[in-house]
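This report refers to the structure that appears directly beneath it.
Residue numbers (UniProt numbering): 1 to 1147.
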């Protein structure tokens, strides 16, 4: 059994990279806090000692371990640093570790910071340090005093940073980060769970890929489930992907091919992944192959296909391997070696089990949270390694099972494992499954069969109604690495664990699926229902008809024998008949997009009813049966567009969750009086006018109330008397626009509100997120006391129309996101300098002339300023070294931006409609990070300094977008662009209203260009030859008045969309007949163009829009060609007859 005295695990080796030591009262709320968050937001694991929590005379063992295992040690010497004996003890330990590592030659580095203190005072203990040691000498022995002084002398001589009173923090923080980052790069070692002992396998696969060889090839990774094939493939992918033009990693190939139209689904995934499309709409396999040949094969591509079986047919998905570039590579992982034999590849890697040392390390990381087992567990751990046989997944799952257990439990589990005859992964994983309680097994099997990818909300209610105790069970499953739950609440599971769960269910009756507890396969489900073979063994049934051409209709006869069915899900089907006497045990009924639903449902045990996307109406008689379901707790109606009245749910007093979402026509009053168990009520996008609550205090369990964009005409009464309400969303509701908000409950954590007045926020001490939309006539005053909301993380203030808003005082330092919209008279932002945790700042339509304290926002990653007509300065922007996205738009008087040279992490830069902006400097610094550049409508910006140098460094980018647009009302001063020849990764180029631009150069270098937009460029007489743009998919030319021709069109074999509109000087257009992929063609308003050639040969054309004269001429040409062919054939036949007659007469 589990030991209750098992000690807490120690800190994991290498858990921290940086250790900060400082005197709290001096710098905790200032420099140290900024530095800590600066490092944390840079993904550097940093230990910050909570000095106020220290107890006793000596530093804790955990602190000693954190110091000894950190790679960089940063003491912040302040005025009173030496007055703290704990600080001095930490410093002495730092020096001790540093000396053991060879005084700077090892892995430990000390980087001192002298904050408002002279380094000489530190070295020689002068000034405040002298006074501190005088006091210490009264209490400490001389040996300790000597050790502390030697440590101060040693570190005081080291090179560090001296922060004087006049220095800004931003620049120094940036210098510290650069130094720390460079040091970590030189000695950083990956020790994540998944990467233990992987290097030898990765190197072997890379060697097999033979990247320099000019021969396309397939490399296989074969091995049993759980051996680490996917992890190896992912690591190889990350290591070599930069050697290829295009790459994609496709997971779960075997599962994908099992779906209806699986080949097409897989092709869409591959094309979307390689071409980096959000969506790809291939309709059939031959079209998919055709698109790959045209769009992919010419490139050097790396495609990884994970989990392939012997049914995989390369040619049906890709066409012939020889179609691909000789530098292309495929990596295929499989459990079935036959899959690779059918592909005729001899490039094969078969990873064996992990080595002894790596196995021990992986097991220990999960069982003890460290790299090696404690001494008393070493012998037992060795025995487990023999049973697991080096299988990574088995080591992970077994290790998680053994976490925090005593040696007796280890011995019991070891005995079970030894009784397993082989070391197949499912048999090893089954040991962990066998350890689960009966309830936990039920939950595990439900997830494995039907709930992977589903949200936990609905299953939890079902499991609770079945007394499975899901809260406890799920905690166990997650802790043992059997199930994952992501941030959104969705279930996930390793495919081998999924297969284990389904195999366990299949073993219930190997021959007859109808006698198993769970049926999730459409084939099995339809067979069972058609033959009416289901019995009382079936508990869970899912039928999904969305891929079937005809929708099946099911009656009560198919379900008559399913007496123990607790979960039924039918998608895209029809149900009819008399259901009064069937499904007596049903807990959860989910009918999605079903054309018809039975009206006589008498489901006494029903807990969850989900009729989303069904065409039910207010007169549906089924509600009468639903009202009799006294155990009903969940009702979900999503996008039921035909229902016009609120269903009467008042008899269902056990309801805990009601979601009526996007039922746009639903009107009436919702009666929830007596729903004392209600926890969630969501009425988003409905026309429900009123909520009849009765005594509001009866809703004592309500946690969330949402009525966004709803038709409520009045506030629910007595909101303040809801003791548990945590989430309230009332934006854009009818009542909030007209009436002031009532008193709100103090328990709120999230508040989204529209109101003509600011509610009293001061009592909302638990508030973490506030989104306030002003909808009154006079502008609100945000109360100065808002800084008291110490837990507030997100603050968003907006208005339905431009109003005057005043803000006084300081904002809470806990804020991570601040957004202000449509506050035109807001002239200053209060208290930004203290927002040391702020990562996002968005200002839209505000009246500020400057952003005071901007440079102090050390961890800011997103800055957006739009429609700020008075903004004249962005001082401090140059210090935001963590900034990733910068948007400055419609700032008409902004003359310049600060030098951007320090913004080395910037990924997206958008500068729009800044009429006075005349210079931009420092863009070269972004060459490794920038992925989106949008500059337009800036008439004073003649050039972009460093643009060509930036372009030459864009080879590693996967997506790059360039827009250059002058304002509508002013002609651009841009006459010539820098050469574009170095933008080899540019995929989208848009030139709009560049009215003085006369020519463009460098198209021959745009190897990846997929879309070209040339709009309102009135001075361009010709475009460069387009024939080198082999990937160009869309060409759009609009109102280029001087453009006479478009050269190179006939060479654009990938072109799918061609649009040329209102180009009045266009005289000639090349023959389009070779544009075999063209789907859409629009040529209108080109007055001087007399002919469009080749249209009749465009076999894939779906959209054709030509001027009438072109259509008539094209039709006449087609008719003429047809008649000519007929005449030619007739004359040929006539000639043959004459010859036959001549021969006959001759005889």
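A virtual CB, placed ideally from N, CA and C, is assigned to each residue, including glycine.
Check	Outcome
Per-residue burial, residue 76 [other beta carbons within 10 Å of its own, 16 or more giving buried]	buried
Alpha-carbon to alpha-carbon, residue 752 and residue 798	11 Å
Whole-angstrom C-beta distance between residue 516 and residue 508, which should lie under 8 Å	5 Å
Reduced DSSP secondary structure (H/G/I, E/B, other) of residue 259	coil
For residue 51, three-class secondary structure by DSSP	For residue 51, the pLDDT reaches just 49, beneath the cut-off of 50, and the residue's location in the model is therefore unreliable, although a value from the coordinates is still provided. Helix, per DSSP.
Residue range of the alpha helix (DSSP H) that includes residue 625	622-626
Contact belief for residue 925 with residue 901 at Cβ below 8 Å, rounded distance in angstroms	5 Å
Segment contact, 8 Å Cβ cut-off, at least three pairs: the stretch 112-130 with the stretch 138-158	yes
Residue 352 versus residue 227 - alpha carbon distance	7 Å
Identity of the residues DSSP links to residue 774 by a beta bridge	755, 799
Integer Cβ distance of residue 891 from residue 871, believed to fall under 8 Å	5 Å
Simplified DSSP state of residue 590, which is helix, strand or coil	strand
Near the ligand HEM: residue 72 beta-carbon under 8 Å from a heavy atom	Absent from the structure shown: the ligand HEM. Ligands present: none.
For residue 816, the three-state DSSP class (helix, strand or coil)	coil
Where the alpha helix (DSSP H) containing residue 221 begins and where it ends	Not the alpha helix (DSSP H): residue 221 falls in the beta strand (DSSP E), residues 217-222.
Residue 552 - containing beta strand (DSSP E), residue span	Segment: none, residue 552 is in no beta strand (DSSP E) and carries neither H nor E.
Which of helix, strand or coil DSSP assigns to residue 1141	helix
Three-way DSSP call (helix, strand, coil) for residue 846 in this model	strand
Where residue 520 sits in the DSSP three-state scheme	coil
Integer-rounded CB distance, given that residue 295 should sit under 8 Å from residue 328	That pair is no contact at about 13 Å.
Secondary structure of residue 1158, DSSP reduced to three states	With the chain covering 1 to 1147 only, the question about residue 1158 has no answer from this structure.
DSSP bridge partner residues for residue 248 (one or two, in chain order)	303
Any 3 or more C-beta pairs closer than 8 Å across the stretch 400-410 and the stretch 358-371	yes
Per-residue DSSP class, three states only, for residue 44	coil
Three or more C-beta pairs below 8 Å linking the stretch 1001-1018 and the stretch 973-991	yes
Secondary structure of residue 346, DSSP reduced to three states	coil
Which of helix, strand or coil DSSP assigns to residue 682	strand
Sufficient close CB pairs (3 or more, under 8 Å) joining the stretch 487-502 to the stretch 461-471	no
Euclidean distance between Cα positions of residue 115 and residue 108	22 Å
Residue 163 - DSSP class collapsed to helix/strand/coil	strand
Per-residue burial, residue 37 [other beta carbons within 10 Å of its own, 16 or more giving buried]	buried
Residue from 135, 119, 133 whose Cα sits closest to the Cα of residue 161	119
Cut-off 6 Å between Cβ atoms - residues of its own chain near residue 1093, not counting five sequence neighbours on either side	1071
Terminal residues of the beta strand (DSSP E) in which residue 933 lies	932-936
Integer-rounded CB distance, given that residue 646 should sit under 8 Å from residue 669	7 Å
Backbone secondary structure at residue 1149 - three-state DSSP	Only positions 1 to 1147 of the chain appear in the structure, and residue 1149 is not among them; the question remains open.
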